[in-house]
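For reference, the structure is listed below as structure tokens.
Protein chains: 4
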Amino acid sequence: MFCRFARYLDNKRSITYVIRMLKEANQKKHLGRPRDDEARAARRQQILDGARACFVQKGFHASSIAMIAAEAGVSVANIYQYFETKDDLIVALVESEVENDLVIVGLIGEAPSLREGLNAAMVRLISMAKMHTVVQLRLEVLAESFRNQAVATVVQQSEERTIAQLAKILRAAQANGEIRGDLKPAQCAALILALSDGLLSRLPISPRPIRELAHEAVQVLFSHLGMKPV
Amino acid sequence: MFCRFARYLDNKRSITYVIRMLKEANQKKHLGRPRDDEARAARRQQILDGARACFVQKGFHASSIAMIAAEAGVSVANIYQYFETKDDLIVALVESEVENDLVIVGLIGEAPSLREGLNAAMVRLISMAKMHTVVQLRLEVLAESFRNQAVATVVQQSEERTIAQLAKILRAAQANGEIRGDLKPAQCAALILALSDGLLSRLPISPRPIRELAHEAVQVLFSHLGMKPV
Amino acid sequence: MFCRFARYLDNKRSITYVIRMLKEANQKKHLGRPRDDEARAARRQQILDGARACFVQKGFHASSIAMIAAEAGVSVANIYQYFETKDDLIVALVESEVENDLVIVGLIGEAPSLREGLNAAMVRLISMAKMHTVVQLRLEVLAESFRNQAVATVVQQSEERTIAQLAKILRAAQANGEIRGDLKPAQCAALILALSDGLLSRLPISPRPIRELAHEAVQVLFSHLGMKPV
Amino acid sequence: MFCRFARYLDNKRSITYVIRMLKEANQKKHLGRPRDDEARAARRQQILDGARACFVQKGFHASSIAMIAAEAGVSVANIYQYFETKDDLIVALVESEVENDLVIVGLIGEAPSLREGLNAAMVRLISMAKMHTVVQLRLEVLAESFRNQAVATVVQQSEERTIAQLAKILRAAQANGEIRGDLKPAQCAALILALSDGLLSRLPISPRPIRELAHEAVQVLFSHLGMKPV
DNA sequence: AATGAATGAGCCTTCATTCAT
DNA sequence: AATGAATGAAGGCTCATTCAT
């Protein structure tokens with residue numbers, strides 16, 4: 000279920016028309032009164048999914064609530080029962096998006112060795128089916144961080160947690176002698192994340208495949224950490 | 000002349016009001032017809048400057064032509080004599096923005112040694128007064144590249160040129176033995192650019208000062224290139 | 000229990016948020032079904048009270064059902080079990096509001112003399128704690144009478160009753176020689192009511208205190224009625 | 000050219016439909032660029048006229064900008080080139096509306112005697128073709144004054160001017176012995192205005208014709224002022 | 001009877017763009 | 001060439017009302 004808008008956007012139809020079409024495609028009826036929190040959470044997620052698809056396609060500011068509603072298959076007014084304003088919706092999406100980072104770092108931690116962990120994380124990132132959308136959103140989020148304090152705060156907190164987690168892994172690797180002991184784990188962690196962001200953000204503009212660059216980058220890291228290159 | 004909009008945005012006034020105020024603040028009632036190509040170019044630049052200020056403040060899609068016109072001190076309709084659509088304006092701005100990269104790389108090339116060049120470039124970036132706006136726009140541009148083919152093309156071409164230039168410098172350094180000879184210059188160059196982008200993009204969210212991270216990053220690079228760390 | 004909305008309206012929050020806050024502030028989660036007609040009437044009154052608070056604050060058309068429900072501490076849907084439409088709610092409120100007139104006129108009738116009665120009524124009006132809201136609503140009602148036939152009818156009927164009542168009092172005063180015998184009681188009564196409305200409606204715009212004007216007005220009346228001024 | 004909306008409002012058509020109909024009825028084309036202030040003032044007045052018609056019909060808050068635009072025969076966006084917000088439009092209308100008061104008072108001043116002046120003013124008011132709308136708006140304005148400070152200020156200032164003007168006339172009448180010398184002119188003036196407002200505001204609800212009441216009211220005034228009744 | 005959820009229609013405002021001057 | 005005026009379309013948000021529970 001990728002952004003259904005895409006199917007309409009190439010025609011020259013007006014946005015209003017596209018939205019009506021999408022709405023008619025969603026045969027949804029009046030849903031009645033699902034009482035439980037579970038249903039509410041599901042609907043909330045449904046909206047977030049629609050929002051994500053739109054934001055990936057058009058960015059935060061060029062995505063309209065009407066688009067998001069159509070994409071999610073709910074009414075415009077309904078969205079406002081789950082999110083107070085569009086900004087809140089953006090923040091909520093950012094919150095759910097930054098979870099990814101921890102997951103990736105988790106991959107590193109679960110591996111038997113740092114070397115294998117870093118490799119696994121890289122492979123996972125590169126081959127992830129929705130990588131494209133993750134990266135696209137990541138950029139959107141970083142750009143938004145410059146001007147939207149609420150977003151910046153969310154990302155900053157996630158960043159701290161992620162760095163802390165990765166630093167812990169690095170410290171463990173130092174303890175068992177896998178990497179040099181004279182590196183500052185937190186700084187090193189921040190660097191790894193920055194490098195990763197930097198690489199991925201070039202997805203649409205890099206003259207050579209990101210895959211190659213990522214491989215090279217891991218080499219650089221290994222040598223910096225004092226591990227033998229592959 | 001930073002974005003003059005900032006001066007008005009905190010009041011509760013409507014955008015329309017703000018724009019009128021800005022317009023009145025720009026004394027020159029009638030700009031008159033540019034006398035020659037040079038004057039035309041100047042006017043064009045004036046518009047681009049206004050656009051840049053707005054884009055930095057609000058992003059591409061949340062900046063309106065009216066804002067840009069007010070910020071630039073020209074009339075709305077006048078903008079349309081220099082740029083066919085808002086998208087064209089964006090592309091033009093992106094074109095002028097990617098020039099920066101070559102300038103920075105130029106810094107590296109002019110230095111007596113690669114080590115000094117890299118250091119100089121880093122210092123220049125970090126201490127540049129308008130660094131904040133450059134980075135903000137960089138993210139905006141990268142995010143836009145994902146969805147706007149015209150922008151992607153411009154950035155991609157610039158990227159190729161920049162990498163080629165940097166690769167040339169690296170090759171020279173290999174030739175005079177400053178760095179390891181077994182590195183692929185182009186790939187290495189791409190990596191350096193990615194690392195730089197990655198670092199800078201964390202400006203608003205990094206839990207520690209970018210300056211520190213940048214210093215560390217240069218160490219990583221040096222060790223990767225086979226130079227002694229500082 | 001003055002309009003609780005006031006407490007929220009200064010913040011920048013969206014209306015949706017304000018309404019949710021108010022709702023949560025009203026502890027009783029579920030009102031339960033009213034046991035008898037009396038309980039039903041109480042619930043109805045509860046809604047009318049909420050509506051009154053909102054109408055005073057914002058007027059008929061700028062008050063939303065959601066606001067009224069939040070203010071009254073009932074659910075939106077519940078309102079629709081007591082009033083078929085918002086217009087019906089308005090009419091019902093108008094009906095309850097015009098009762099005031101009879102009460103005031105009653106005050107005049109109960110006094111030992113017309114002189115004392117008029118004075119008492121004036122004092123009562125001016126010093127009434129909720130005078131402000133009464134007057135505000137009175138204007139709202141009069142304005143609405145121009146365009147809403149249902150409201151006009153209600154007010155007109157009340158007006159007739161009130162005039163009749165006051166005329167009766169005046170006739171009695173004529174009978175015992177307190178006032179001139181050549182006045183037409185009904186016309187005179189209408190005049191008194193008009194003067195009263197006219198005075199009070201200037202509450203927010205009068206350059207001098209209404210109290211003074213009211214005193215003067217009573218003098219005028221007295222002299223017109225053929226009573227000695229105070 | 001009374002409110003053209005009236006023609007549509009009885010059918011059950013949606014507002015949107017009505018607005019489209021009205022728009023199509025206005026064959027207006029793109030107006031080009033009238034440079035002069037005169038054209039701007041005319042257009043501004045045109046909008047105010049449309050607004051007035053709507054406000055009379057539906058009140059301030061139930062009149063939408065779209066309605067006003069359709070009624071005035073301009074586009075919605077165009078309105079915003081003449082008035083910053085809907086509230087500003089309301090204030091502007093109120094400003095133009097309170098001018099009426101001075102005109103009426105002017106009538107009194109121009110008459111050869113106070114008696115004739117008051118009579119003339121009354122007759123003028125009662126027989127004015129658009130009296131209905133004037134009174135309707137007057138009530139709307141007074142009601143709005145309670146909650147809209149900007150409106151209250153405008154009305155208050157007008158009120159002061161009007162009272163001053165009328166007081167001057169009364170003082171003159173005192174000077175030439177037409178009326179009692181012991182009345183306070185300003186207070187008396189305020190009273191006259193209040194009585195007038197009070198009477199007129201009962202237009203839609205008075206059980207007997209306002210004309211009669213007005214006549215009676217003038218008698219009251221005359222006797223209060225110490226003039227012989229007619 | 002009471003209510004949370006839902007929605008089509010509408011609200012105010014702004015947008016990118018065009019046109020007559 | 002430059003610009004004020006103009007506008008259809010769309011933006012974010014709220015409304016009165018309904019329905020299933």
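Residue numbers (numbering that gives the first Met the number 0), protein chains in the order written: chain Y, 0 to 229; chain L, 0 to 229; chain A, 0 to 229; chain C, 0 to 229.
Even glycine gets a Cβ: it sits at the ideal position worked out from N, Cα and C.
Would you tell me roughly how many angstroms separate the C-alpha atoms of residue i and residue j, rounded to the nearest one?
i: S63(C); j: L202(A); result: 28 Å
i: A120(Y); j: V104(Y); result: 7 Å
i: Y79(Y); j: G49(Y); result: 14 Å
i: A163(L); j: L198(Y); result: 17 Å
i: L30(Y); j: Q45(Y); result: Because L30(Y) carries a pLDDT of 49, less than 50, the predicted location of this residue cannot be relied on, and the following value inherits that uncertainty. Roughly 14 Å between the two C-alpha positions.
i: H223(A); j: M127(C); result: 28 Å
i: N25(L); j: A38(C); result: 25 Å
i: A189(A); j: P206(A); result: 26 Å
i: P208(L); j: L194(L); result: 16 Å
i: R34(A); j: R12(Y); result: 57 Å
i: N77(Y); j: A41(Y); result: 13 Å
i: L101(Y); j: L192(Y); result: 11 Å
i: K227(L); j: I107(L); result: 18 Å
i: A174(Y); j: R146(Y); result: 41 Å
i: I168(L); j: A65(L); result: 44 Å
i: E211(Y); j: I204(Y); result: 14 Å
i: E159(A); j: Q186(C); result: 31 Å
i: A61(Y); j: T15(Y); result: 14 Å
Can you find the residues in the same chain that come closer than 7 Å, C-beta to C-beta, to residue i, ignoring five residues on each side of it along the sequence?
i: A91(L); result: L47 and F82
i: E139(C); result: F54, G58 and F59
i: S112(L); result: E177
i: Q135(A); result: V55
i: V150(C); result: I89, V90, V93, V140, E143 and S144
Please compile the residues from chain C whose C-beta is within a distance smaller than 7 Å of the C-beta of residue i.
i: Y16(L); result: E83
i: V154(A); result: I204
i: R170(A); result: The premise fails here: R170(A) is roughly 17 Å from chain C at the closest Cβ pair, so nothing lies under 7 Å.
Starting from the C-beta of residue i, find all residues in its chain whose C-beta is less than 6 Å away, skip the five residues before and the five after it, and write them out in chain order.
i: I67(C); result: G49, A50 and C53
i: A69(C); result: I18, L21 and K22
Here's a check: name, in chain order, each residue in its chain whose Cβ is nearer than 8 Å to the Cβ of residue i, leaving out the five neighbours to either side.
i: F1(C); result: Only weak support is given to the placement of F1(C): the predicted model assigns it a pLDDT of 45, under 50, and the question is left unresolved by the model.
i: E154(A); result: Just to set this straight, residue 154(A) is Val in the shown sequence, not Glu. Excluding sequence neighbours, V154(A) sits near V93, V97, V140, L141 and S144.
i: R137(A); result: E96, D196, L199 and S200
i: R170(L); result: P184
Run down chain C in chain order and give the residues with a C-beta less than 8 Å from the C-beta of residue i.
i: S13(L); result: E83 and T84
i: D181(A); result: Here the premise fails: no neighbours, minimum Cβ distance about 11 Å.
List the residues of chain Y whose Cβ lies closer than 7 Å to the Cβ of residue i, in chain order.
i: A149(L); result: Near A149(L) there are no residues of chain Y at all, since even the closest Cβ is about 12 Å away, more than 7 Å.
Which residues of chain Y have a Cβ atom closer than 9 Å to the Cβ of residue i, listed in chain order?
i: K57(L); result: H60 and R146
i: Q135(L); result: A142, F145 and R146
Which chain A residues sit within Cβ distance under 9 Å of residue i?
i: G49(C); result: The premise fails here: G49(C) is roughly 17 Å from chain A at the closest Cβ pair, so nothing lies under 9 Å.
i: L194(C); result: L190, A193, L194, G197, L198, A216 and V219
Under 8 Å Cβ-Cβ, which residues of chain A neighbour residue i?
i: I162(C); result: P206
i: L212(C); result: Q186, A189, L190 and A193
i: E159(C); result: P206
List the residues of chain L that residue i touches, going by C-beta distances under 7 Å, in chain order.
i: E139(Y); result: A142
Going along chain A in order, which residues have a C-beta closer than 7 Å to the C-beta of residue i?
i: D100(C); result: Under the 7 Å cutoff, chain A gives no residues; its nearest Cβ is about 11 Å from D100(C).
Please compile the residues from chain L whose C-beta is within a distance smaller than 8 Å of the C-beta of residue i.
i: L222(Y); result: First, the amino acid is wrong: residue 222(Y) is Ser here, not Leu. Under the 8 Å cutoff, chain L gives S222 and H223.
ask   = If you pair each beta-carbon of the segment 163-178 of chain C with each one of the segment 111-128 of chain A, do three or more pairs fall below 8 Å?
value = At 8 Å Cβ cutoff, the stretches do not touch.
query = Does the segment 211-223 of chain Y come close enough to the segment 16-26 of chain A to have 3 or more Cβ pairs within less than 8 Å?
reply = no
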